[in-house]
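Quick note, in my numbering, the sequence shown goes up one by one and the last residue is 87. The beta carbon of each residue, even a glycine, is placed where N, CA and C say it ideally should be. All values derive from a computational prediction rather than experimental measurement. Data block below; observations after.
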Amino acid sequence: MAKDLFEKISNEENNEVTLDFTGIQFASRSFMVQLYSMLAKQRSQVRFVNMNENVDRMYLLAIRAYNRPAVIPAQMKKNPEPELLNL
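Quick look at the structure:
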């Protein structure tokens, strides 16, 4: 479903698209992650409006999920010292 919405947004000739969530009571986290990730990769200018508290919460979780770092192996330091490599 997110892919279908993304395709419609991609086909718009306007530089900015507004998604109006009026009447939408629920959007799953997976839907929002998929939509957000596709929009972020394309760098689309999309405005989300009229999201209720539940939909807004899923959107914020999607942003966090998309932007979280990859899993760091246990033996790897969280803040490694910079290293100069001579090539």
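Just list the residues that DSSP pairs residue i with in beta bridges.
i: residue 48; result: 19
Would you kindly check if the distance between the Cβ of residue j and the Cβ of residue i is under 9 Å?
i: residue 17; j: residue 55; result: no
i: residue 1; j: residue 31; result: yes
i: residue 36; j: residue 9; result: no
i: residue 33; j: residue 61; result: yes
i: residue 3; j: residue 58; result: no
What is the rounded straight-line gap between the Cα of residue i and the Cα of residue j?
i: residue 52; j: residue 25; result: 7 Å
i: residue 22; j: residue 6; result: 18 Å
i: residue 87; j: residue 42; result: Low local confidence applies: a pLDDT of 47 at residue 87 is under 50, so the model's placement there is unreliable, with the coordinate-based value given in what follows. Roughly 34 Å between the two C-alpha positions.
i: residue 29; j: residue 19; result: 17 Å
Can you round the beta-carbon distance between residue i and residue j to whole angstroms, since I take them to be within the 8 Å contact cut?
i: residue 40; j: residue 66; result: 6 Å
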